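Protein sequences appear in the order of chains A and B. Residue 21 is where the first sequence starts when you use my numbering, and the numbers rise one by one after that. Residue 219 is where the second sequence starts when you use my numbering, and the numbers rise one by one after that. The beta-carbon is built from N, C-alpha and C at its ideal position, and this holds for glycine as well. Note that the coordinates shown come from a computational prediction; the quantities given were computed from them, not determined experimentally. A quick write-up on the structure given underneath.
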Amino acid sequence: MNKIWLIIKREYTTRVKKKSFLLLTILGPILMAGLFVFVAWLGMEENEAQKILVIDDQYPAFQKIKGGLNIEYDYGDYTLEQAKQNFESSSYTAVLYLPENITYANSAILYFKKQPSLFSVKNIENSVEKIVEDLKLDLFKIDRETFEKVNTNFHLNAVKFSDTGSENAVDLEKNAVGFIFGLFIYMFIFLYGVQVMRGVIEEKTSRIVEVIVCSVRPFQLMMGKIIGVALVGFTQFFIWIILTLTLYTVAFQIVLATQYGADTLGPSSQISADIINQVQSNPGFNSKMLLEQDNIINRINFPLMLSMFAFYFLGGYLLYSAMFAAIGSAVDSETDVQQFMLPVTLPLVAAYIISIFVIQNPEGPAAFWFSIIPFTSPIVMMTRLAVGIGDGGIPYWEVGLSMGILIITFFIIVWLAAKIYDVGILMYGKKPSLKELYKWLKQSS
Amino acid sequence: MLLKLENISKSFSGHQALKDVSIEIEQGEIFGLLGPNGAGKTTLIRIINQIIKQDSGNVLLNNNPITKKDIEKIGYLPEERGLYKKMTILDQAIYLAGLKGVHKKEAKNSLKYWLEKFELLPWANKKVEDLSKGMQQKIQFIVTVLHKPKLLILDEPFSGFDPVNTNLIKQEILNLKENGTTIIFSTHNMASVEEVCEKIALINKSEKIISGTVNDVRKSYGKNEFTVGFEGNLIAFTNSLWTNFELLDNKQQNGHTVARVKSTNGSGLNKLAESILPVVNIKFMEEKLPSMHDIFIQEVSGKSNQKSNI
Chain A
21 MNKIWLIIKR
31 EYTTRVKKKS
41 FLLLTILGPI
51 LMAGLFVFVA
61 WLGMEENEAQ
71 KILVIDDQYP
81 AFQKIKGGLN
91 IEYDYGDYTL
101 EQAKQNFESS
111 SYTAVLYLPE
121 NITYANSAIL
131 YFKKQPSLFS
141 VKNIENSVEK
151 IVEDLKLDLF
161 KIDRETFEKV
171 NTNFHLNAVK
181 FSDTGSENAV
191 DLEKNAVGFI
201 FGLFIYMFIF
211 LYGVQVMRGV
221 IEEKTSRIVE
231 VIVCSVRPFQ
241 LMMGKIIGVA
251 LVGFTQFFIW
261 IILTLTLYTV
271 AFQIVLATQY
281 GADTLGPSSQ
291 ISADIINQVQ
301 SNPGFNSKML
311 LEQDNIINRI
321 NFPLMLSMFA
331 FYFLGGYLLY
341 SAMFAAIGSA
351 VDSETDVQQF
361 MLPVTLPLVA
371 AYIISIFVIQ
381 NPEGPAAFWF
391 SIIPFTSPIV
401 MMTRLAVGIG
411 DGGIPYWEVG
421 LSMGILIITF
431 FIIVWLAAKI
441 YDVGILMYGK
451 KPSLKELYKW
461 LKQSS
Chain B
219 MLLKLENISK
229 SFSGHQALKD
239 VSIEIEQGEI
249 FGLLGPNGAG
259 KTTLIRIINQ
269 IIKQDSGNVL
279 LNNNPITKKD
289 IEKIGYLPEE
299 RGLYKKMTIL
309 DQAIYLAGLK
319 GVHKKEAKNS
329 LKYWLEKFEL
339 LPWANKKVED
349 LSKGMQQKIQ
359 FIVTVLHKPK
369 LLILDEPFSG
379 FDPVNTNLIK
389 QEILNLKENG
399 TTIIFSTHNM
409 ASVEEVCEKI
419 ALINKSEKII
429 SGTVNDVRKS
439 YGKNEFTVGF
449 EGNLIAFTNS
459 LWTNFELLDN
469 KQQNGHTVAR
479 VKSTNGSGLN
489 KLAESILPVV
499 NIKFMEEKLP
509 SMHDIFIQEV
519 SGKSNQKSNI
């Protein structure tokens with residue numbers, strides 16, 4: 021026991037001390053946050069000021085069209101032909117042509133010099149829509165007030181019936197959050213599983229393994245490595261969670277500060293102020309979305325998700341890393357791993373693809389069976405788990421069964437992997453086939 | 219400690235790697251384990267280390283079956299050297315010694331002693347990959363002996379060393395032997411076998427074919443040939459040989475004649491001296507024994523020729 025501890029310690033410290041570990045651990049969340057900010061920034065940067073010439077075939081109503089942030093309309097008394105001829109040399113960025121039949125066709129044309137951002141297009145669309153609506157209301161002699169009452173935004177709530185009385189909607193958003201957790205498990209099983217395999221290959225090719233197995237049993241060496249790398253993973257998660265929470269809090273503070281008009285925060289506050297302005301001046305882009313995003317974070321049971329994540333990551337990782345260790349022991353160099361990798365990575369990739377479908381159909385037979393099968397359950401079950409366990413969520417027995425089978429399979433796989441590992445680490449020279457691996461299983465017993 | 223291998227056999231999926239091999243190694247002795255590539259030496263060493271289990275036979279240490287605890291007292295230098303390239307010498311030594319059950323502090327002290335001896339102390343905190351090949355080999359030797367093993371198994375210990383360092387390592391091996399360490403020495407370098415080994419076993423094609431002290435083995439392969447250096451008349455010398463010996467060849471060297479003679483009837487060195495003493499002035503004379511190198515080649519290639527003839 022003392023020796024396996026030594027091995028775990030070595031595997032852990034050598035990895036944690038590596039520069040690449042530090043870099044990935046600290047930069048990971050920052051890069052992720054940076055990516056989000058960058059994408060948001062890209063969306064805004066594109067949103068250049070638009071000066072639009074409005075050409076109207078019939079309705080002077082469009083004289084009323086109101087510009088918003090970055091959009092300015094000029095109501096021109098030109099024909100479309102005239103406007104088109106002079107467009108190139110004019111200072112207008114776009115020409116908005118509103119045809120005669122606009123109330124029937126429900127469409128207009130925007131000629132542009134440079135592709136306007138989606139945001140601007142949506143903005144223009146909304147402005148025109150509003151006026152077309154007014155025109156139609158006038159046409160049919162309906163006053164605005166009545167229209168608002170009649171105009172229906174219907175929504176169907178699909179609710180799962182549960183005999184305990186509580187109700188819970190099938191929640192795509194929650195499943196999507198679950199999927200993200202599953203995706204992380206998928207990535208980390210690969211990331212750390214391959215680290216285990218590399219470690220085994222390193223020991224085998226450097227031949228140090230021969231010295232070490234004189235002191236400890238090969239099984240101890242294999243398990244020490246697997247556990248050591250798992251601890252590295254948990255260290256990384258722990259730091260990531262703390263860093264993400266910190267970043268989230270800081271970002272939230274900045275957004276709050278800008279909302280309440282503190283413009284002393286520098287250029288970043290300018291950007292956020294712009295967002296808020298745009299949101300406010302743009303009726304189509306309703307702020308409910310933002311609120312809902314906030315909501316989904318509050319609605320997820322994060323302590324449950326994190327503890328389930330810990331379990332399924334550990335279970336899945338142990339299962340797969342044992343197989344990766346066996347592969348590592350069977351080959352002489354990393355270039356030889358290809359033929360053995362496929363049978364191991366196939367179920368993992370399958371689990372990932374299945375969980376994409378499970379987001380939409382979390383109760384189907386595929387969702388059920390693949391969250392019971394241990395080779396896919398860590399990812400598929402994780403995708404389903406965001407709705408919670410028990411009442412309205414996934415039944416307790418289903419989660420229990422999935423976990424139990426995962427644990428049992430883990431022991432079986434480790435036992436088999438250890439047998440291949442036993443023989444493999446001392447076998448040099450020839451590249452074994454899968455058939456030979458099967459022989460090794462019998463040989464070491 | 220006394221190591222006894224009794225009737226060890228081992229086969230791997232149809233291939234017999236060792237067949238009924240018995241060897242006895244005394245405490246404080248350097249024992250040469252010889253054999254061509256693929257003869258089964260590594261398998262035998264792995265069985266002693268209990269990395270793999272023999273199919274039949276016993277490994278006895280001081281007349282008791284070897285145990286896990288005993289293996290901590292074994293130091294093994296494999297032929298294919300290997301260390302963790304990214305680890306420092308200090309960490310590596312502490313780790314490997316720790317796996318042998320040596321306390322950290324003890325390992326540190328022991329490492330310091332050995333690094334000083336090999337003039338490597340300034341490198342203690344360097345990574346192995348930053349060391350030259352020769353230094354790495356020295357470190358490998360150090361981590362093998364760091365836990366003060368009672369039984370040392372050295373597979374080609376001199377490979378990769380220049381002559382100066384070879385001597386250095388040889389001296390350390392002899393020192394360890396003086397301190398009571400039993401040493402199994404596996405090599406293809408027959409000159410070093412004659413130099414350091416007391417007893418040998420030659421394994422070929424999974425079987426032990428020769429064993430005994432180096433002297434006995436060489437004598438048993440002797441062809442009753444003698445080399446004599448003398449001053450005097452060659453014809454008188456030849457005549458004096460009479461019917462007991464025959465002259466094979468002769469040459470002039472440093473002003474005297476060196477002759478090779480062969481006994482025709484089993485007469486020894488004394489008889490030869492008696493015969494030639496009256497006629498020539500003897501400078502030196504010795505029985506010419508075949509070298510271990512010759513014996514090795516004769517046995518190994520002879521056996522394989524036989525096999526290939528079938």
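Any C-beta of chain B under 7 Å from that of residue i
i: L241 (chain A); result: no
i: S235 (chain A); result: yes
i: K469 (chain A); result: Residue 469 (chain A) is absent from the structure shown; chain A starts at 21 and stops at 465.
i: L26 (chain A); result: yes
i: Y206 (chain A); result: no
Rounded distance between the beta-carbons of residue j and residue i, thought under 8 Å
i: Q310 (chain B); j: V346 (chain B); result: 7 Å
i: K506 (chain B); j: E443 (chain B); result: 4 Å
i: V216 (chain A); j: F329 (chain A); result: Going by Cβ atoms, the distance from V216 (chain A) to F329 (chain A) rounds to 20 Å, so no, they are not a contact pair.
i: D76 (chain A); j: L130 (chain A); result: Not a contact, Cβ separation roughly 13 Å.
i: N267 (chain B); j: I289 (chain B); result: 6 Å
i: I360 (chain B); j: L349 (chain B); result: With 8 Å as the limit, I360 (chain B) and L349 (chain B) do not qualify as a contact, their Cβ atoms being about 12 Å apart.
i: L372 (chain B); j: I421 (chain B); result: No, L372 (chain B) and I421 (chain B) are not in contact; Cβ-Cβ is about 16 Å, not under 8 Å.
i: I409 (chain A); j: G335 (chain A); result: Incorrect: roughly 16 Å between the Cβ atoms, too far for contact.
i: S349 (chain A); j: I440 (chain A); result: 6 Å
Residues that residue i bridges to, as DSSP identifies them
i: V476 (chain B); result: B:G447, B:K469
i: P129 (chain A); result: At residue 129 (chain A) the sequence reads Ile, which differs from the Pro that was named. Beta-bridge pairing links I129 (chain A) to A:Y117.
i: G250 (chain B); result: B:F403, B:I418
i: P283 (chain B); result: B:L278
i: S481 (chain B); result: B:F463
i: Y95 (chain A); result: A:V74
Cβ of residue i within 7 Å of any chain A Cβ
i: L386 (chain B); result: no
i: G316 (chain B); result: yes
i: Y313 (chain B); result: yes
i: I528 (chain B); result: Bear in mind that the predicted position of I528 (chain B) carries a pLDDT of just 34, short of 50, making it too unreliable to give a figure here.
Cross-chain neighbours of residue i in chain A, by beta carbon under 8 Å
i: P254 (chain B); result: Ordered by position in chain A, no residue passes the 8 Å Cβ test against P254 (chain B), which lies about 17 Å from the chain.
Cross-chain neighbours of residue i in chain B, by beta carbon under 7 Å
i: E230 (chain A); result: P296
Residue-chain proximity (residue i, chain C), Cβ-Cβ < 7 Å
i: N267 (chain B); result: Looking at the structure shown, chain C is missing, and the protein chains on hand are A and B.
Contacts that residue i makes with chain B (C-beta to C-beta distance below 9 Å)
i: K134 (chain A); result: Within chain B, no residue comes near K134 (chain A); the closest Cβ sits about 53 Å away, beyond 9 Å.
Interface partners of residue i on chain B, CB under 8 Å
i: L446 (chain A); result: R264, I269, I270
i: K459 (chain A); result: S231
query: If contact means a Cβ-Cβ distance below 7 Å, which residues of the stretch 217 to 228 of chain A contact chain B?
result: Of all residues in the stretch 217 to 228 of chain A, S226, R227, I228 have a Cβ within less than 7 Å of some Cβ in chain B.
Going along the chain, which residues of the stretch 298 to 310 of chain B sit with their C-beta nearer than 7 Å to a C-beta in chain A? E298, R299, G300, L301, Y302, K303, K304, M305
Interface positions of the stretch 31 to 59 of chain A facing chain B (Cβ-Cβ less than 7 Å), listed along the chain: Going along the stretch 31 to 59 of chain A in chain order, one finds T34 with a Cβ nearer than 7 Å to chain B.
Residues from the stretch 282 to 294 of chain B in contact with chain A, defined by Cβ distance under 8 Å
I289, E290, I292, Y294
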